[in-house]
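Residue numbers (our numbering): 10 to 102.
Below is one structure, written out as structure tokens, with a few remarks after it.
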């Protein structure tokens with residue numbers, strides 16, 4: 010189940026959980042509602058829920074994006090303790 014911003018976010022450590030952007034998946038334009046930018050990231054976490062919250066914290070700190078309504082969904086553990094997470098940010102693109 011995705012984690013939606015705003016939520017209680019942890020402090021981001023100096024190593025940023027080794028977060029890395031894997032791909033921009035473009036802009037989805039639903040028939041109703043705002044367009045949504047979609048991107049995939051990978052980062053270190055113990056669980057899917059922890060990976061989602063960590064990604065939102067990382068994005069909140071590292072980028073100037075408006076994250077209101079953003080959601081993060083951990084898709085799979087790509088390696089033990091390393092998660093692939095999809096970020097979805099609604100906005101005007």
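Idealized CB from N, CA, C, for every residue including glycine.
Since the structure is predicted, the reported quantities are computational estimates derived from the model, not experimental observations.
Cα-Cα separation, residue i to residue j
i, j, result
"residue 35", "residue 42", "16 Å"
"residue 47", "residue 14", "15 Å"
"residue 29", "residue 39", "27 Å"
"residue 86", "residue 92", "4 Å"
"residue 58", "residue 72", "21 Å"
7 Å CB neighbourhood of residue i in its chain, flanking five on each side removed
i, result
"residue 18", "62, 65, 66, 69"
Proximal residues to residue i (C-beta, below 8 Å), its chain only, five neighbours per side dropped
i, result
"residue 129", "Limits of the chain in this structure are 10 at one end and 102 at the other, which puts residue 129 out of reach."
Residue range of the beta strand (DSSP E) that includes residue i
i, result
"residue 83", "80 to 88"
"residue 69", "Element bounds for residue 69: not the beta strand (DSSP E) but the alpha helix (DSSP H), 57 to 71."
Neighbourhood of residue i by C-beta distance below 6 Å, restricted to the same chain and skipping five residues each side
i, result
"residue 45", "37, 97, 99"
Buried versus exposed call for residue i [16 or more other C-beta atoms within 10 Å across all chains shown]
i, result
"residue 12", "buried"
"residue 80", "buried"
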